[in-house]
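With the numbering used here as the guide, the letters of the sequence shown map in order to residues 76 to 245. C-beta atoms are modelled at their ideal positions from N, C-alpha and C, and glycine is treated no differently. Beneath this line is the structure, given in structure tokens, with notes to follow.
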Amino acid sequence: MSDTIFERDTTALLAVEFRRLAVASGWGKKSAKYKKERQKFYGLAVAQDFSTFWGSTESRLDAWQDLCRHLGITEAPTSIKGCRQVLAVTATCLADNNISNTYVRVISQALTPIHVNLVDLVDSKRQNTKPKTFSSEAACAEYTRKTGKIFPKARAKANPLLRKFLVVVF
76 MSDTIFERDT TALLAVEFRR LAVASGWGKK SAKYKKERQK FYGLAVAQDF
126 STFWGSTESR LDAWQDLCRH LGITEAPTSI KGCRQVLAVT ATCLADNNIS
176 NTYVRVISQA LTPIHVNLVD LVDSKRQNTK PKTFSSEAAC AEYTRKTGKI
226 FPKARAKANP LLRKFLVVVF
């Protein structure tokens, strides 16, 4: 990320930790370096935290069930297949100046789409709060672009469970 020695506080929100890193590194908020490093930071942190909370294999029923419950699906299915069907998990990456804005769209039992930014998803798990959700892809995409809470899709390839959340839409 940089030459600055930085130890992330894994109990803090990712945006707070990135701002702390940016200040320590002297990156101006409007600089290209700031934006590039923010994407790298979020990519690494989300991947690490997602693996910590839900693992990196799609064959853990407890991970699928916890993810269901965290997203507000109170009666989590008793099988992985059931969890996949209930969640019908997809995510959307919208191209925006060569940056992939990634967020999660979850179809719950009521077939109502829930859109969740991946950075917010892991932050909410860490803080034991309900994740911020959006009723439309457009609202979530706008929020993702506005906040810069971008998860690079290439990072998901290392985690088979996280990879299930990614679909590219141009």
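Inset, instruction - Pick helix, strand or coil for F116, following the three-state DSSP scheme. - result: F116: helix per DSSP, three-state reduction.
Legend entry - Cβ neighbours of A97 in the same chain (closer than 8 Å, five flanking residues each side left out): The residues are K104, Y109, E112, R113.
Legend entry - Integer Cβ distance of V191 from T208, believed to fall under 8 Å: Yes, V191 and T208 are in contact; Cβ-Cβ is about 5 Å, under 8 Å.
Inset, instruction - Within 10 angstroms of the Cβ of T167, are there 16 or more other Cβ atoms? Answer buried if so, exposed if not. - result: Bear in mind that a pLDDT of 41 at T167, under 50, signals an unreliable position, so the number given afterwards is only what the model happens to contain. Answer is buried; the Cβ neighbour count reaches 16.
Legend entry - Cβ separation of V121 and L236, assumed to be a contact under 8 Å, to the nearest whole Å: About 13 Å separates the beta carbon of V121 from that of L236, a gap too long to meet the 8 Å contact definition.
Inset, instruction - Write down the C-beta distance between G118 and R230 rounded to the nearest angstrom, noting that I regard them as a contact closer than 8 Å. - result: Separation of the CB atoms of G118 and R230 is rounded to 4 Å, and the pair is thereby assigned contact status at 8 Å.
Inset, instruction - Report the rounded CA-to-CA distance for Q140 versus C158, giving the unit in angstroms. - result: Each residue's alpha carbon lies about 7 Å from the other.
Legend entry - DSSP three-state assignment for F125, whether helix, strand or coil: In the structure shown, F125 sits in a helix (DSSP, three-state: H, G or I).
Inset, instruction - Would you kindly report the start and end of the unbroken alpha helix (DSSP H) that includes D137? - result: Residue range 136-145 is occupied by the alpha helix (DSSP H) that includes D137.
Inset, instruction - Give the DSSP bridge partners of F209, in chain order. - result: F209 has H190 as its beta-bridge partners, per DSSP.
Legend entry - Spatial distance of V91 from R83 (CA atoms): Looking at the two C-alpha atoms, the distance is approximately 10 Å.
Legend entry - 8 Å contact criterion, which F93 and F116 should meet: CB distance rounded: Yes, F93 and F116 are in contact; Cβ-Cβ is about 5 Å, under 8 Å.
Inset, instruction - Find out if the Cβ-Cβ distance for the pair K136, T153 is shorter than 9 Å. - result: At residue 136 the sequence reads Leu, which differs from the Lys that was named. Against a cut-off of 9 Å, the Cβ pair of T153 and L136 comes out as a contact.
Legend entry - Under the three-state DSSP convention, the category L89 falls into: Looking at L89 - three-state DSSP - the assignment turns out to be helix.
Inset, instruction - Determine the contact status of T86 and R220, defining contact as a CB-CB distance below 9 Å. - result: No; because the gap between Cβ atoms is not below 9 Å, this pair is not in contact.
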